[in-house]
Amino acid sequence: MEEPTACCYIVTDLSRRANRRQTRNQIRGPHSALTDFLASNNISAAQIHDDHQRRLREAELQGNEEQQENAEQGNAADNDEYEDNVGESPEEKKKRKRKEAATLAKIKQSKEFARRKARRIGEPDDDDDFIAREMMEERSRPLPGQLDNCEICSKRFTVTPYSKTGPNGGLLCAKCGKELGDKEKRSQPKKRGPRTARRQNQSDLLDGIAQEGALSLVEMCTKKVADNINDIDEFGDLPWQLLRRLSQILSKRRAMTPRTLNLFLRPDLGFIDIYDSGKLETDDFQKIFTFMPALTHVNLRFAGQLKDRVIDYVLDRDLKIKHLQLDAANLVSDQRWQQVFQKLGSQLETLRLSNMDFSLDDETIEVMSKSCTGLRRLKLEDCWKMSDRSLQAIANLQSLEYLSLNLISETQTENLLELVSKIGSNLRTLSLREFSLADDTVLEMIHDKCKVLTKLRFTDNSICTDKGFVKLFDNWSNPPLEFADFSSTRDVDNSNPDGPTDATGLASNGFAALMRHSGSMLRKLNISSCRHISYAAFDDVFADGKSYPHLKELDVSFQTVMDDYLVARIFRCCPAIQKIVAFACFNVRDARVPRGVALIGGLRAQDPLA
């Protein structure tokens, strides 16, 4: 063999370089393992695509031929959908029938069959076999990824999980399914928009507001201002009525903050009403008395951050406060309260203090009774440290015309009798809450001493009897009451719901005596939880021919005998009624409520007014 010459080496090298240049000029992408495998086995992706398209064309052509053939056979064949297959042997026929019967029996035992059967009771297609065959047919439909013919246009298409069902149970292609969905959407009635005002309506209903139609222009503007309170720099010269209404709305929304408080601070105003001061700090209270030197009326509720240094500032300013109402001002000490009464007592006409669990003891009340000689209105509610000594001190306030007491500690009946005996003749309002030891002698003292009352509240008592209430109202020289509240005066033995033989609290006879005496002038009546008033007593009081022309609000909650009939009688006898509270009156179900009347409670309390 001859040795390769240099010329051969040169040719070979040039050939290799040419191949490398040709390779460098080609752009090749990344190759996966599957691509290399297909290339090594001479498998072409283009060939696979062509074969797939050919099979689709053949299947579509075959489907059209089968559909035409089935249509021709359907015209001459019986309507039986499950007719025996042509050319089927007897053994195959029996086998298919047994399999079909087993499938139908299994379907009839399923929960889905029971639900569908329950929905179709009373309809023409509620037959068990019909429903079972319908479900079996649905299960035999093509699965997603398989081919089927559209029920409407007969076009061959690939079934997907979103394929819609046609009118006759078959599947639809995407185009026909979209057209059918649009048609159903157009035929459906438009749904009502969300009832965005429902919560506000229910809130108004609990407040006794059952207004029909649009709000007044003033109310709409006031609420619009409250909605945009953070964008307002000042109120300007708004009337005092609107300022109080704005304060009520903002307090209800818990939106009374140090910033919004500044909008109410006007030097020319003589009043300040903040119904929720929970978000105000000590400096904010001091700011009130700084910017409003003409204050005569102060009403601050939930004033938890009102402290001694604010009281010191008020005393140094020498303000002419005549009407003072504070709630939950527990950080003010007894010493500061005594200084307030000594400094401002001669000019105070109204004093309302509530939720005092840390201050306002008997000694402070004694200082008040000595200093506040011109006091006409006094309201002390939920004051924990007051006792019998306080009652004795209050009895010396001969100028009182309006008195409201609710003490936490128990007091002796003798002190309450002395109180009513000394100042009862001048009282126009008497409110006694939770005096649990008071008995019929207190009612007798009210009967004997009180001659000018327009408002009487005597609640939360289980000692006074029905006979005592009858004696109170029979031959009482006091004019008819305009406001009466005797709620929760009843026997508290829950094991004996009918009560003792001698009825405790306001019962049937006492209720009848009350309405005979004051029914002609009553505006508000609260007899909730007076559970010993009988059905016959209500039927007699609100009988045909009787009228209570001024009664606007009535609370009959927890009167289990109250029903739709009695409520209708109340509507008939009380032409001015605006609000009826009937919580736990479970027999009030379908009462027809007149327009403009708020019925609160009952089983249909959430229904719209008739």
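In this note's numbering, the protein residues as written are -16 to 593.
Glycine is no exception: its CB is placed at the ideal position from the N, C-alpha and C atoms.
- Message: For the beta strand (DSSP E) containing TYR518, name the first residue and the last one.
- Response: By 1-based counting over the sequence shown, the position of residue 518 is 535. Looking at the DSSP string, TYR518 is not in any beta strand (DSSP E); the run it does join, the alpha helix (DSSP H), is 518 to 524.
- Item | Distance between beta carbons of CYS556 and TYR531, contact taken as under 8 Å | Position 548 of the sequence shown, counting from 1, holds the residue named residue 531. Position 573 of the sequence shown, counting from 1, holds the residue named residue 556. So it is a contact: roughly 6 Å between Cβ atoms.
- Task: Whole angstroms is fine: what's the gap from ALA312's alpha carbon to GLN321's?
- Result: Taking the first residue of the sequence shown as 1, we reach residue 312 at position 329. Taking the first residue of the sequence shown as 1, we reach residue 321 at position 338. For ALA312 and GLN321, the distance between alpha carbons rounds to 14 Å.
- Determine the contact status of GLY128 and THR141, defining contact as a CB-CB distance below 8 Å. Here residue 128 is taken as the residue at index 145 of the sequence shown, counted from 1. Here residue 141 is taken as the residue at index 158 of the sequence shown, counted from 1. Yes, the pair counts as a contact, with Cβ atoms nearer than the cut-off.
- Going by the CB atoms, is the gap between ASP267 and LEU283 shorter than 8 Å? As a first step, residue 283 is located in the sequence shown; it is residue number 300 there, counting from the start. As a first step, residue 267 is located in the sequence shown; it is residue number 284 there, counting from the start. Not closer than 8 Å, so no.
- Would you decide whether VAL201 is buried or exposed? Buried here means 16 or more other CB atoms lie within 10 Å of its CB. Sequence index remark: in the sequence shown, residue 201 carries index 218 (1-based). With fewer than 16 other Cβ atoms within 10 Å, it is exposed.
- State buried or exposed for ARG578, treating a residue as buried only when at least 16 other CB atoms are found within 10 Å of its CB. Here residue 578 refers to the residue found at position 595 of the sequence shown. Result: exposed.
- Item | Delimiting residues of the alpha helix (DSSP H) encompassing LYS147 | Numbered from 1 along the sequence shown, position 164 holds the residue referred to as residue 147. Neither: LYS147 is in no alpha helix (DSSP H) and is coded neither H nor E.
- Message: Give me, in chain order, the residues of the same chain whose beta-carbon lies closer than 7 Å to that of LEU390; leave out the 5 immediate sequence neighbours on both sides.
- Response: Indexing the sequence shown from 1 puts residue 390 at position 407. Apart from sequence neighbours up to five positions away, the residues of its chain that approach LEU390 with a beta-carbon distance below 7 Å are CYS366 and MET369, ordered along the chain.
- Item | MET239 vs ILE255 beta-carbon contact at 8 Å | On the sequence shown, position 256 is the one that residue 239 refers to. On the sequence shown, position 272 is the one that residue 255 refers to. No, they are not a contact pair.
- Item | Same chain only: Cβ atoms within 8 Å of GLU332, ignoring 5 sequence neighbours per side | Taking the sequence shown and counting its residues from 1, one reaches residue 332 at position 349. If we look at GLU332 and ignore the five residues flanking it on each side, its Cβ neighbours are LYS305, HIS306, GLY357, LEU358, ARG359 and ARG360.
- Message: So ASP422 and ILE446 are supposed to be a Cβ contact under 8 Å. How far apart are they, rounded?
- Response: Along the sequence shown, one-based indexing puts residue 422 at 439. Along the sequence shown, one-based indexing puts residue 446 at 463. At roughly 5 Å, the Cβ-Cβ gap stays under 8 Å, so ASP422 and ILE446 are in contact.
- Span of the alpha helix (DSSP H) holding LYS405? In the sequence shown, counting from the first residue as 1, residue 405 sits at position 422. Annotation: the continuous alpha helix (DSSP H) that includes LYS405 extends over 396 to 406.
- Message: Quick check on LYS134: buried or exposed, where buried means 16 or more other Cβ atoms within 10 Å of its Cβ?
- Response: As a working mapping, residue 134 is identified with position 151 in the sequence shown. Residue 134 is actually Glu in this sequence, not Lys. Within a 10 Å sphere around the beta-carbon of GLU134 sit 16 or more other beta-carbons, which makes this residue buried.
- Query: Between CYS568 and chain C, is there a C-beta pair that is closer than 8 Å?
  - Reply: Although the question refers to chain C, the structure presented lacks it and comprises just one protein chain.
- In or out: ARG319 buried (at least 16 other Cβ within 10 Å) or exposed? Counted from its first residue, the sequence shown places residue 319 at position 336. Residue burial annotation: ARG319 is buried, with at least 16 other C-beta atoms found within 10 angstroms of its C-beta.
- Message: Since CYS513 and LEU537 should fall inside the 8 Å C-beta cutoff, what is the C-beta to C-beta distance between them, to a whole number of angstroms?
- Response: Counting from 1 along the sequence shown, the entry for residue 513 is found at position 530. Counting from 1 along the sequence shown, the entry for residue 537 is found at position 554. Not quite, the Cβ-Cβ distance comes to about 12 Å (not below 8 Å), so this is no contact.
- Task: Please classify GLU264: does DSSP put it in a helix, a strand, or coil?
- Result: Counted from its first residue, the sequence shown places residue 264 at position 281. Of the three classes helix, strand and coil, the one that applies to GLU264 here is coil, per DSSP.
- Message: Mapping the DSSP letters down to three states, classify LEU336 as helix, strand or coil.
- Response: Here residue 336 corresponds to residue number 353 of the sequence shown, with the count starting at 1. Under the three-state reduction of DSSP output, LEU336 falls in the strand class.
- Task: Measure the beta-carbon distance from VAL550 to ALA574 and round it to whole angstroms, keeping in mind my assumption that it falls under 8 Å.
- Result: For this step, residue 550 is matched to residue 567 along the sequence shown. For this step, residue 574 is matched to residue 591 along the sequence shown. Sure, about 4 Å apart at Cβ, within 8 Å.
- Message: Could you check whether GLU465 and MET504 sit closer than 8 Å to each other, using their CB atoms as the reference points?
- Response: Your numbering for residue 504 matches position 521 in the sequence shown. Your numbering for residue 465 matches position 482 in the sequence shown. It is a contact, given that the beta carbons lie within the stated cut-off.
- Query: Thinking just about the alpha-carbon of each residue, which of LYS206, LEU252 and GLY253 is nearest to the one in SER234?
  - Reply: For the purposes of this step, residue 234 is identified with residue 251 of the sequence shown, where counting begins at 1. Taking only the C-alpha atoms, the option nearest SER234 is LYS206.
- Residues sharing a beta bridge with ASP546, DSSP: Along the sequence shown, read from residue 1 onward, the residue named residue 546 stands at position 563. Paired residue(s): ASN570.
- Item | Identity of the residue in ILE232, ARG242, MET203 and ASP251 nearest GLY219 by Cα | Locating residue 219 in the sequence shown gives position 236, where the first residue counts as 1. That would be ASP251, whose Cα lies nearest to the Cα of GLY219.
- Spatial neighbours of GLY253 in its chain, beta-carbon cut-off 7 Å, leaving aside the 5 residues before and after: Indexing the sequence shown from 1 puts residue 253 at position 270. Sequence-distant partners of GLY253 (beyond 5 residues in either direction) whose C-beta falls short of 7 Å from its own C-beta, in its chain, are ALA277, LEU278, THR279 and HIS280.
- On the three-state DSSP scale, how would you describe VAL580? Indexing the sequence shown from 1 puts residue 580 at position 597. For VAL580, the three-state secondary structure derived from DSSP is coil.
- Message: Which of the three DSSP states is assigned to ASP256 in this structure?
- Response: As a working note, residue 256 is residue 273 in the sequence shown. Taken through DSSP and simplified to helix, strand or coil, ASP256 comes out as strand.
- Item | C-beta contact flag for VAL435 and VAL403 at 8 Å | If you number the sequence shown from 1, residue 435 lands on position 452. If you number the sequence shown from 1, residue 403 lands on position 420. Against a cut-off of 8 Å, the Cβ pair of VAL403 and VAL435 comes out as no contact.
- Message: Less than 8 Å between the beta carbons of GLU417 and SER387, yes or no?
- Response: The count along the sequence shown starts at 1 and reaches residue 417 at position 434. The count along the sequence shown starts at 1 and reaches residue 387 at position 404. No, they are not a contact pair.
- Relative to the alpha-carbon of THR437, which residue among LEU334, ASP340, LEU508 and SER354 has its alpha-carbon at the smallest distance? Position 454 of the sequence shown, counted from the start, is the residue given in the question as residue 437. Closest by alpha carbon: LEU508.
- What residue range is occupied by the uninterrupted alpha helix (DSSP H) comprising ASP595? Past the edges of the chain, shown from -16 to 593, lies residue 595, and the structure says nothing about it.
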